[in-house]
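Reading through the structure tokens given below for one structure.
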Ligand code: SF4
């Protein structure tokens, strides 16, 4: 990395980034922050030079999330917001299916992922061939797939969904049976909130699947924390939760109800990043790290800004079909007033 010069760490640089340092001081010792600072400055300079925008998922580490990201959020919010920015180069700090979704919704833009190996156990749990075989067993049954899927799987899907809108999408479809892929836990959560028959795929997120109901129960008894769980967690964990919600739903719920002490049963960086937004609330463990999200680092972000790669490509025919399933979700999720407007 020597050929990508870093700025000098001096008082002016430290002062310029002080508001961010103060925001995340409870998450990161000063010595660690100072090692990140030249990289953060080099990234912010370089993205301006080349006209790039950095999208960072909620599960990215605080130095990325607060230090260099222009847009933050869940995977779909990132891809959608990227359609409104002027920059033609998108650096996707997240996992591969997220970069594909950005490319699907922004086909004319260059989409780059700093580490191509950043995968996802959930997206890897299903293939387009596997889904075609399931569809052949249930002809005519509509398919709803979580956005945590590859472009090929989205192309075989009738409507995509997020964890925030999955129940509404399934309930809105004019069919009594629905194929739901790939997360069996989110699918079961949906099945518990609909009268329809839900045919599940046997996939799971390796991060959320590790939590257990017993662990959460003990934790609540010891800490007294308000428990907020992601619907990718197993059913016995969700049964212990005070609130179940997507990443954006978790943030909304905390903002509205301001509990004194919160445990987010999800990925660790999500908990860290949310805690920096609500300094008056005490955030407490347990959490699990996503090893795929953690492949993205300040170093490989800077390298990708210089090398303009690795670029994410999606076959145009696949992208066209995949875009339809994503756009159908957006259309179905729109409020009635928006539809009429
Ligand atoms: S947290 Fe789970 S669903 Fe999200 S990227 Fe990691 S493995 Fe995939």
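In our numbering, the protein residues as written are -12 to 328. The beta-carbon is built from N, C-alpha and C at its ideal position, and this holds for glycine as well.
Residue 165 and residue 185 - do their beta-carbons sit closer together than 8 Å?
yes
Tell me whether residue 9 counts as near ligand 1, meaning its Cβ is closer than 7 Å to at least one heavy atom of that ligand.
no
If you measure from the CB of residue 63, is any heavy atom of ligand 1 nearer than 7 Å?
no
Residue 224 to residue 249, Cα distance in whole Å?
15 Å
Pick out whichever of 302, 145 and 216 has its Cα sitting closest to the Cα of residue 173.
216
List the endpoints of the continuous alpha helix (DSSP H) containing residue 176.
171 to 178
Which residues neighbour ligand 1 when neighbourhood means a C-beta less than 7 Å away from any of its non-hydrogen atoms? List them by chain order.
46, 82, 107, 108, 109, 110, 135, 192, 193, 194, 195, 219, 254, 277, 279 and 280
Opening and closing residue of the alpha helix (DSSP H) in which residue 184 lies:
That residue, residue 184, is in no alpha helix (DSSP H); its beta strand (DSSP E) goes 184 to 187.
Whole angstroms is fine: what's the gap from residue 74's alpha carbon to residue 227's?
44 Å
As assigned by DSSP and simplified to three states, the class of residue 236:
helix
Whole-angstrom distance between residue 275 and residue 260, CA atom to CA atom
14 Å
May I ask you to list the residues that DSSP assigns as paired with residue 46?
Residue 46 is not bridged to any residue.
Go ahead and pull the three-state DSSP assignment for residue 251.
strand
Within 10 angstroms of its Cβ, does residue 328 collect 16 or more other Cβ (buried), or is it exposed?
The predicted position of residue 328 is uncertain, since its pLDDT is 38 and thus under 50; no value can be drawn from it.
Within 10 angstroms of the Cβ of residue 70, are there 16 or more other Cβ atoms? Answer buried if so, exposed if not.
exposed
Do residue 88 and residue 130 have their C-beta atoms within less than 8 Å of each other?
no
Where residue 140 falls: helix, strand or coil (DSSP)
helix
Pick helix, strand or coil for residue 84, following the three-state DSSP scheme.
helix
Give a yes or no on whether the C-beta atoms belonging to residue 247 and residue 264 are separated by under 8 Å.
no
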